[in-house]
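Going by our numbering, the sequence shown opens with residue 50, and the numbers climb by one from there.
All residues carry an ideal CB built from backbone N, CA and C; glycine is no exception.
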Amino acid sequence: MYTFSSKLKTFSFILMVLGILGIGYGFLTAPKDIKEVEQILAAQSHGHGGGHEAGGLEAAGHEAAGPQAHQAAPATETHDAHEAKTDTVATVAAHAEANVAEKNLDTMHADTISVVPATEIAAAEAPSVHEKKAEVHDAHAEHEAHLKHVLTQLQNKPWAALYVACIFFMLIAMGVLAFYAIQQVAQAGWSPVLFRVMQGITAYLPVGSVIFFVVLILCGMHMNHLFPWMVEGVTDPKHANYDHIIANKSGYLNFGFWIARAAIFLIGWNLYRHFSRKNCLAQDESNDDSFYKKNFKMSAGFLVFFIVTESIMSWDWIMSVDPHWFSTLFGWYVFASFFVSGITTICMVTLYLKGKGYLEHVNTSHIHDLAKFMFGISVFWTYLWFSQFMLIWYANIPEEVTYFVTRIELYNLPFFGAVVMNFVFPILILINTDFKRITWVLVMAGTVILLGHYIDFFNMIMPGTVGDQWFIGAAEIGSVLFFLGLFIFVVFTALTKAPLLPKRNPYIEESKHFHY
Numbered sequence: 050m051y052t053f054s055s056k057l058k059t060f061s062f063i064l065m066v067l068g069i070l071g072i073g074y075g076f077l078t079a080p081k082d083i084k085e086v087e088q089i090l091a092a093q094s095h096g097h098g099g100g101h102e103a104g105g106l107e108a109a110g111h112e113a114a115g116p117q118a119h120q121a122a123p124a125t126e127t128h129d130a131h132e133a134k135t136d137t138v139a140t141v142a143a144h145a146e147a148n149v150a151e152k153n154l155d156t157m158h159a160d161t162i163s164v165v166p167a168t169e170i171a172a173a174e175a176p177s178v179h180e181k182k183a184e185v186h187d188a189h190a191e192h193e194a195h196l197k198h199v200l201t202q203l204q205n206k207p208w209a210a211l212y213v214a215c216i217f218f219m220l221i222a223m224g225v226l227a228f229y230a231i232q233q234v235a236q237a238g239w240s241p242v243l244f245r246v247m248q249g250i251t252a253y254l255p256v257g258s259v260i261f262f263v264v265l266i267l268c269g270m271h272m273n274h275l276f277p278w279m280v281e282g283v284t285d286p287k288h289a290n291y292d293h294i295i296a297n298k299s300g301y302l303n304f305g306f307w308i309a310r311a312a313i314f315l316i317g318w319n320l321y322r323h324f325s326r327k328n329c330l331a332q333d334e335s336n337d338d339s340f341y342k343k344n345f346k347m348s349a350g351f352l353v354f355f356i357v358t359e360s361i362m363s364w365d366w367i368m369s370v371d372p373h374w375f376s377t378l379f380g381w382y383v384f385a386s387f388f389v390s391g392i393t394t395i396c397m398v399t400l401y402l403k404g405k406g407y408l409e410h411v412n413t414s415h416i417h418d419l420a421k422f423m424f425g426i427s428v429f430w431t432y433l434w435f436s437q438f439m440l441i442w443y444a445n446i447p448e449e450v451t452y453f454v455t456r457i458e459l460y461n462l463p464f465f466g467a468v469v470m471n472f473v474f475p476i477l478i479l480i481n482t483d484f485k486r487i488t489w490v491l492v493m494a495g496t497v498i499l500l501g502h503y504i505d506f507f508n509m510i511m512p513g514t515v516g517d518q519w520f521i522g523a524a525e526i527g528s529v530l531f532f533l534g535l536f537i538f539v540v541f542t543a544l545t546k547a548p549l550l551p552k553r554n555p556y557i558e559e560s561k562h563f564h565y
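Okay, here's the thing in structure tokens:
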């Protein structure tokens, strides 16, 4: 039986406490009104970027954004309007110049009246003065709208950071569950010695699902503006926030149907996780293979359910953050990202337990197979990344290509950095057969892969929620630390609940002596 070490348990609690502090700080320092936004933008214009969150590291992509558009949020602005917006410094400067111009125009108008007949003024100069004042008024209105837009983005920032970390760790457990089901259906002979490790990791799924569902409920209660299609009046033609594209999707994108789908998905996944583990433990005490056969049938049915629900989940929880955009590859792309993250987590936990003297029947051939999956699914992820990017970029359809324009211009470093971390690095390291059996190499590669796919989820969600107002600050770091600490605590607590070796699995002896 595995014993959860006090050092690791303490470490997990420290991570959770630090995470809560970081998340709380992110929410407390988010601007509350337009005046605070003006102060933040003024600080940024003087080279003090991120002044509203001490210690924040402003990303290179943010500085490179320049006059590019701000991502649309709760109003009727969309990605398509993105490039039309001016940058902060230019807007503030224009507003100041407009005020000066208005005063000068009033002075000039008064001076002119003293020497020119009133009829000539009314005929010649008055219309131009009125036009100038109208332009000043329009500039002021645009400035106010811009400040409100930035306020929404900055208030979204801690919510978006929490959302990214929450869904990422939950889907890691989901990826492990899918891998476990595939092993059951394939009747794989190499992997049964790893089943309890997989079951331990999937123990996080119920906990992560509850937290994630609460976050979804809070989104529906308008505690944030992560999903533009939830904004009030967005489907009402008479409302100022009306968006005809979103209105046409309202039969699918409405909160009642959306949250009901989420409940069905989460309940279905957790039911399979519960009963498959229950049958696996019962098989240890059984005199025949009846529970193993039940798991086989159940796993086959689950995989059908999973294939359908995973695609819909990716549309509902990630793609609908950008409701004007769509991709037919998106479900597969999201799957590849969390699937390779799940397999990498299996490898990392296995190496840790092996280093502590557990899993005596796990040998380098098992580790080598896990590393091959890490390598292969990384290549598969890259294939999907390039296929989606190349086809959309080549077609150059405005409503499609704006998705990548936003990310390349505003998120250049994390966008291309994710490709390096999720493809270039794994290819260079894991293509070597010998490296697939070396612990420190796999730990290094696994760490980079997990961090890279967190950034991948960051790239998918942040542009649609915070636009160019992103940087790595307390909220982002705190969210990762909290869910990492919770993940460690739940997973390693679950590993103490049952023996690490399933005794009566029909393929356990083959798995014990797996070599090649």
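Close-in-space but distant-in-sequence residues of the same chain around residue i (CB under 7 Å, 5 per side omitted)
i, result
"Met347", "Tyr321, Phe324 and Ser325"
"Phe304", "Gly269 and Met279"
"Phe507", "Val213 and Pro463"
"Thr545", "Met50, Tyr51, Thr52 and Phe53"
"Trp307", "Asp365"
"Asp338", "Pro555"
Among the options, nearest to residue i - alpha-carbon criterion
i, options, result
"Ile216", "Tyr229, Ala467, Val263 and Thr393", "Val263"
"Lys571", "Arg486, Val540 and Phe453", "No answer is possible for residue 571: it lies beyond the span of the chain, which begins at 50 and ends at 565."
"Thr251", "Ile537, Leu196 and Tyr565", "Ile537"
"Leu479", "Glu448, Tyr452, Gly425 and Phe464", "Gly425"
"Phe429", "Val389, Leu499, Tyr212 and Pro277", "Val389"
"Gly317", "Leu254, Phe453, Asn273 and Thr514", "Leu254"
"Ile510", "Lys206, Leu477 and Trp307", "Lys206"
"Ile260", "Glu525, Leu220 and Gln232", "Leu220"
"Leu550", "His410, Ser427 and Leu440", "His410"
"Val492", "Leu419, Trp364 and Val199", "Leu419"
"Phe53", "Leu402, Phe340, His288 and Asp285", "Leu402"
"Val450", "Glu458, Ile441 and Phe60", "Ile441"
"Ala210", "Leu226, Leu408, Ala91 and Gly71", "Gly71"
"Val398", "His95, Ser240 and Met247", "Met247"
"Leu265", "Tyr382, Ile416 and Trp208", "Trp208"
"Thr377", "Gln437, Tyr74 and Ile69", "Gln437"
Close Cβ partners of residue i (< 6 Å) along its chain, the five nearest in sequence each way excluded
i, result
"Leu64", "Leu530, Leu533 and Gly534"
"Tyr565", "Ser414"
"Glu281", "none"
"Thr431", "Phe472"
"Thr358", "Phe314"
"Val283", "Asn290, Asp292 and Ile295"
"Pro277", "Pro372"
"Val497", "Met470 and Phe474"
"Ile230", "The amino acid occupying residue 230 in the given sequence is Ala; Ile does not appear at that position. Excluding positions up to five away in sequence, the list reads Ser348, Phe351 and Leu352."
Neighbour flag for residue i against chain B, beta carbons, 8 Å
i, result
"Ala92", "No chain B is present in this structure, which holds just one protein chain."
Span of the alpha helix (DSSP H) around residue i
i, result
"Leu419", "Thr413 to Ala444"
"Ala294", "Before going further, note that residue 294 is Ile rather than Ala in the sequence given. It spans His293 to Asn297 - the alpha helix (DSSP H) in which Ile294 sits, taken as one unbroken run."
"Ile487", "Element bounds for Ile487: n/a, residue is neither H nor E."
"Gly71", "Ser55 to Leu77"
"Ala311", "Phe304 to Glu334"
"Thr284", "No alpha helix (DSSP H) contains Thr284, which DSSP labels as neither H nor E."
"Ala547", "Segment: none, Ala547 is in no alpha helix (DSSP H) and carries neither H nor E."
"Gly249", "Phe244 to Thr251"
"Ala289", "Note, Ala289: premise wrong, no alpha helix (DSSP H); not H, not E."
"Ser94", "Ile83 to Ser94"
"Ser560", "Ile557 to Lys561"
"Gly466", "Asn461 to Val468"
"Phe472", "Note, Phe472: premise wrong, no alpha helix (DSSP H); not H, not E."
Same chain, Cβ closer than 8 Å to residue i, neighbours up to 5 away in sequence not counted
i, result
"Gly238", "Tyr556, Glu559, Ser560 and Phe563"
"Leu203", "Ala79, Pro80, Val86, Ile89, His101, Val515 and Gln518"
"Leu57", "Ile537 and Phe541"
"Ile504", "Pro463, Gly466, Ala467 and Met470"
Self-check item: Unbroken stretches of the beta strand (DSSP E), 3 residues or longer, contained in the stretch 338 to 409
Solution: none
Quiz item: Taking the runs of the alpha helix (DSSP H) that are 4 residues or longer, which of them lie wholly in the stretch 193 to 279?
Solution: 244 to 251 and 253 to 269
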